[in-house]
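Reading through the C-alpha cells given below for one structure.
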Ligand code: PHE
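The structure is reproduced here in C-alpha cells:
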C-alpha cells in the first residue's frame, strides 16, 4: 500500500486481488486448500481485508464507489470458492461412477468363529454323561457359605475355607468379610439340587470354580464337572461309581485306559477316593514316562459315596437313600486330550490356538 491511496489505485488493487484469487484456486484440488486460500484473502488479516483498511483514508465521496468494488470482489471470491467446491465434488462423483467393478470377483466371506476348546470339551463330557441318563444342573458362581461349605459337611476350621484358598466377597462400602464367596468347587450344586427335588437324583454340574492358585497347571478360575447320583439304599454302590468313571474316561480319552480309586478324604463323601486314570502319554506303561513320573497314572479328580451328613443337611433320610459323587477338572481333561501343557493357553483367547480347534 502506498502512503495515500487514491480511489483509482485502490480499485485497481482490489480488482487485481480478485483476478489473483481466481488464478490461485484454479490450481487447488482439495477443500481444505481452497478454504485456506479463501481465508488468505477474506480472513480478518486477509489481503482483501487489509486493502480495504485504506478505505477510511479516502474522502467520503470516493468511499462509496470503492466500497462497492470491494463488495463485488468479495462476493466474486465467495462465488469462486463455491463453484470450485461444487466442481470438485462433481469430479469425485464422476470418478466413482466411472470405476469399473468386476462383479465376477469372488466375495470376501466373513470368517466364522468356532467353539472354544473348553466349550468343546465340556459339551463332549456332557454328552457322554447324557448317554448314561444324567441331566445337566447348574448353580451360581457367587455362592453362599452354606451351599459351598456348610451343607457339604465342611467344618468351620477346614483349610479349604481359609482366606488363602477362597475368594470371599465383601461389600464395596464396608470391606467387611461376608458369608458370600466365589465357589471353590461345583459340589454346592449337589446341595442345591437335592434341596430342590426329592430323590432319585442323577445330575452332572459343569462350571467355573475359583481358588487362589496360579501356576502352569493351576489357574485362579478353572472348570469342574460334578456328578451326583442318589437312589434308594442298596441300589447304588462304589462299584457303580467306578464303572461310571471308567466308562467316562474310556469314552473320552480311549478304550485302553484304566482307572484306579485311591483312598482319600473329603468331608462330603464317605468313603472317599481320588480318581486316577492311566497316563494318556505312556498309556499306563509308566517306566521312564516324565509326565506321570513313572507311575503310569495321573490324578483327575475326587469321588466317594455321599456322606450321611450331606443327606441330613438337605433333608434326605440317610436310612432311605444312598449315592455317589465325583468331581473332575474339565481344564485338566481337555489339556490331556489336546496335549496342552500350560493351562493359561486355555484362557488367553489367542486365535492361533483357537484356530486349531475348528
Ligand atoms: N469337590 C471336590 C474338589 O473340588 C471334588 C469332589 C467332588 C470329591 C465330589 C468328592 C466328591 O476337590
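Residue numbers (our numbering): -14 to 343.
Built from N, CA and C at the ideal position, the CB exists for glycine as well.
Bear in mind that the values here come from a model prediction, so they are computed numbers and not experimental data.
Which residues does DSSP pair with residue i in a beta bridge?
| i | result |
| --- | --- |
| residue 195 | 206 |
| residue 247 | 259 |
| residue 288 | 258, 311 |
| residue 212 | 189, 311 |
| residue 200 | 203 |
| residue 265 | Answer is none; residue 265 lacks a bridge partner. |
| residue 153 | 166 |
| residue 320 | According to DSSP, which records beta bridges pairwise, residue 320 is partnered with nothing at all. |
| residue 217 | 306 |
What residue does the beta strand (DSSP E) around residue i start on, and which one ends it?
| i | result |
| --- | --- |
| residue 309 | 306 to 314 |
| residue 127 | 127 to 129 |
| residue 357 | With the chain represented from -14 up to 343, any question about residue 357 goes unanswered, as that position is not in the structure. |
For residue i, report the span of its alpha helix (DSSP H) as first-last.
| i | result |
| --- | --- |
| residue 110 | 102 to 116 |
| residue 27 | 16 to 27 |
| residue -8 | -8 to 11 |
| residue 89 | Residue 89 -> no alpha helix (DSSP H), and no H or E assigned at all. |
| residue 229 | 223 to 238 |
| residue 37 | 32 to 37 |
| residue 56 | 45 to 83 |
| residue 176 | 173 to 181 |
| residue 293 | 293 to 298 |
| residue 336 | 336 to 339 |
Measure the alpha-carbon distance for residue i versus residue j and round it to whole angstroms.
| i | j | result |
| --- | --- | --- |
| residue 268 | residue 230 | 17 Å |
| residue 207 | residue 185 | 29 Å |
| residue 264 | residue 222 | 26 Å |
| residue 320 | residue 239 | 15 Å |
| residue -13 | residue 11 | Per-residue confidence for residue -13 stands at a pLDDT of 45, beneath the threshold of 50, marking its modelled position as unreliable; the derived number appears in the next sentence. Distance between the alpha carbons of residue -13 and residue 11: 29 Å. |
| residue 15 | residue 77 | 11 Å |
| residue 254 | residue 159 | 37 Å |
| residue 302 | residue 276 | 44 Å |
| residue 407 | residue 5 | Residue numbering for the chain in the displayed model covers -14 to 343; residue 407 lies beyond these limits and cannot be assessed. |
| residue 147 | residue 141 | 9 Å |
| residue 282 | residue 262 | 5 Å |
| residue 163 | residue 130 | 9 Å |
| residue 201 | residue 136 | 32 Å |
| residue -3 | residue 85 | 50 Å |
| residue 228 | residue 260 | 12 Å |
| residue 236 | residue 226 | 15 Å |
| residue 38 | residue 82 | 47 Å |
Please go through the same chain and pick out, in chain order, the residues whose beta-carbon is closer than 8 Å to the beta-carbon of residue i, but skip the five residues on each side of it.
| i | result |
| --- | --- |
| residue 218 | 304, 305, 306, 307 |
| residue 0 | 54, 58 |
| residue 99 | 339, 340, 342, 343 |
| residue 203 | 196, 328 |
I'd like to check one pair, residue j with residue i: are the Cβ atoms closer than 8 Å?
| i | j | result |
| --- | --- | --- |
| residue -6 | residue 50 | no |
| residue 107 | residue 191 | yes |
| residue 177 | residue 195 | no |
| residue 313 | residue 175 | no |
| residue 179 | residue 299 | yes |
| residue 310 | residue 213 | yes |
| residue 71 | residue 19 | no |
| residue 2 | residue 47 | no |
| residue 27 | residue 34 | yes |
| residue 172 | residue 211 | yes |
| residue 252 | residue 143 | yes |
Going along the chain, which residues of its own chain have a beta-carbon closer than 7 Å to the beta-carbon of residue i, five neighbours each way excluded?
| i | result |
| --- | --- |
| residue 241 | 268 |
| residue 170 | 194, 209, 312 |
| residue 258 | 246, 247, 248, 249, 288, 289 |
| residue 279 | 271, 272, 273 |
| residue 87 | none |
| residue 330 | 338 |
| residue 198 | 205 |
| residue 7 | 65 |
So, for residue i: in the same chain, excluding its five sequence neighbours on each side, which residues have a beta-carbon less than 6 Å away from its beta-carbon?
| i | result |
| --- | --- |
| residue 182 | none |
| residue 293 | 303 |
| residue 122 | 174, 178, 188, 190 |
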